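Chemist:
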Amino acid sequence: MSSLLKQSVKLALVQLACTADKAHNLSHARTKVLEATKRGAKIVVLPECFNSPYGTKYFPQYAETLLPSPPSEDQSPTFHALSKLAKEANAYIVGGSIPELVEEEGAKGGDGKDGKKWYNTNLTFAPSGELLATHRKVHLFDIDIPGKIKFKESDVLSPGNKITLVDIPEYGKIAIAICYDIRFPELATIAARKGAFLLLYPGAFNTTTGALHWELQARARAMDNQVFVGLCSPSRDMDADYNAWGHSMVVDPNAEVLEQLDEKEGIVVQELKAGRIEEVRKGIPLYTQRRFDVYPDVSVGGKFKE
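So that you can map any letter, position 304 of the sequence shown is 304 in UniProt numbering, and since no number is skipped, the others follow by simple counting.
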């Protein structure tokens, strides 16, 4: 059996302190990514909304235009910063997410404004500086836990409409989704059954949902699919409007937490070992025990977009 992960690779998750100063955030991200690659990381992940504060009132203010691609440096300084950084670092950069603005005639965004739509969008770059993929957050974070937290991304944002798989020639396929997407296991199942060795979720769970479900979701997606999982959060700032949980982590295909940070800024660097997925699947052979005569295989058919 060939290995889904073609060769072992070091994965880094950069738990970044994100401020209201975009230029500072981009410069700081560069420093931390280069620190990670000096430790041998070849795939480096940044947090959700790493170039701005997280919040509905901030999305339009910090949004960048990415289309037509490639955008000019004025339209999207973050696009160009990540492209240059991937080349400088000689690594694959999974650029967390940024607020994206799309202006098109007849469009109506989450806030009802004609001609403008905003998305929560990931950009992933190759070591050549080439853009490999974009992922627009599919499931918008609309929750209301009485007495704890109320948040409604759909007040401003529009949802993406595809599953994002990225083929990295040296290593294999990775799947990218954003934060709240992790709560919908269909995305993970389809990606894993399409051959992903790693599920990556830049995310910003808060101190309520993080304490309840952050580690549980990471381990559940790993357990369900017997693949590696990485969750990358901003660090926590209790003076900000939104308080991120932190606790970025890497989980192995047997749902064991390989490394987890606390709430402060930091970097996880973990080696993902070739052959580990197959070892786990041999011991607990879910992949040969599924009963598609009883229930459908969600990864088959044309009902989802890639």
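Backbone N, C-alpha and C fix where the C-beta goes; we use that ideal spot for every residue, glycine too.
Quantities reported herein were computed from a predicted structural model and do not represent experimental measurements.
Distance cutoff 8 Å, beta carbons only. Does H139 sit that close to anything in chain B?
Modeler: No chain B appears in the structure shown, which is made up of a single protein chain.
Chemist: Using CA coordinates, which residue listed in P47, G172, Y171 is at the minimum distance from L123?
Modeler: Nearest option by C-alpha distance: P47.
Chemist: According to DSSP, simplified to helix, strand and coil, what is N122?
Modeler: In this structure, N122 counts as strand in the three-state DSSP scheme.
Chemist: For Q289, count the other beta carbons within 10 Å of its own beta carbon; 16 or more makes it buried, fewer makes it exposed. Which is it?
Modeler: Flag for Q289 reads exposed.
Chemist: Of all the options D74, T121, L66, R30, which has the alpha carbon lying nearest to the alpha carbon of G96?
Modeler: When only C-alpha atoms are compared, the closest one is T121.
Chemist: Rounded to whole angstroms, what's the CA-CA distance from L212 to V300? Just pull it up for me.
Modeler: Near 32 Å, if we compare the C-alpha coordinates of V300 and L212.
Chemist: Out of I277, V33, Y54, P53, which has the shortest C-alpha to C-alpha gap to A192?
Modeler: Closest by alpha carbon: I277.
Chemist: Give me, in chain order, the residues of the same chain whose beta-carbon lies closer than 6 Å to that of A175; leave out the 5 immediate sequence neighbours on both sides.
Modeler: Excluding sequence neighbours, A175 sits near L165, A191, A196, L199.
Chemist: Please go through the same chain and pick out, in chain order, the residues whose beta-carbon is closer than 8 Å to the beta-carbon of N25, but skip the five residues on each side of it.
Modeler: Here the set comprises L16, C18, T19, F50, N51, S52.
Chemist: Does DSSP classify G266 as helix, strand or coil?
Modeler: Correct three-state label for G266: strand.
Chemist: So is P253 buried or exposed if we call it buried at 16+ other beta carbons inside 10 Å?
Modeler: With 16 or more Cβ atoms within 10 Å of its Cβ, P253 is classed as buried.
Chemist: Restricting to Cα atoms, I'd like to know which of K38, W214, P71, A126 is closest to A86.
Modeler: Answer by Cα proximity: A126.
Chemist: For K6 versus G40, is the C-beta distance shorter than 8 Å?
Modeler: No; because the gap between Cβ atoms is not below 8 Å, this pair is not in contact.
Chemist: Using three-state DSSP, classify V298 as helix, strand or coil.
Modeler: Correct three-state label for V298: coil.
Chemist: Thinking C-alpha only, which one of I284, R236, S154 is nearest K137?
Modeler: Closest option to K137, Cα to Cα, is S154.
Chemist: Specify the secondary structure class of V227 as computed by DSSP and reduced to three states.
Modeler: Residue state, collapsed to three classes: coil.
Chemist: Note down the Cα distance separating P71 from K173, rounded to an integer number of angstroms.
Modeler: Going by the C-alpha atoms only, they are around 26 Å apart.
Chemist: Between I145, E259, R281, which has its C-alpha nearest A12's C-alpha?
Modeler: Cα-wise, what sits closest to A12 is E259.
Chemist: Measuring CA to CA, which of H135, E88, S69, F205 is closest to I143?
Modeler: Checking every option, the nearest Cα to that of I143 belongs to F205.
Chemist: Which of the three DSSP states is assigned to R281 in this structure?
Modeler: Looking at R281 - three-state DSSP - the assignment turns out to be helix.
Chemist: Applying the 10 Å Cβ sphere with the 16-neighbour rule, what's the burial state of F228?
Modeler: Under this definition F228 is a buried residue.
Chemist: From P146 to L216, what does the alpha carbon distance come to, in whole angstroms?
Modeler: Looking at the two C-alpha atoms, the distance is approximately 22 Å.
Chemist: Ignore the nearest five residues each way along the sequence and tell me which others in S235's own chain have a CB closer than 6 Å to its CB.
Modeler: Cβ neighbours of S235 beyond the five flanking positions: Q15, A17, G246, K264, E265.
Chemist: At the level of alpha carbons, what is the spacing between G115 and E104?
Modeler: Between G115 and E104, the C-alpha separation is close to 5 Å.
Chemist: To which residues of the same chain is F59 closer than 7 Å at the C-beta, ignoring the five residues directly before and after it?
Modeler: Counting only Cβ-Cβ distances below 7 Å, and skipping sequence neighbours, we find P99, W118, V156, L157.
Chemist: According to DSSP, is T65 helix, strand or coil?
Modeler: Residue state, collapsed to three classes: strand.
Chemist: Please tell me whether V280 and Q226 are closer than 8 Å, where the distance is taken between their beta carbons.
Modeler: A contact, by the Cβ cut-off of 8 Å.
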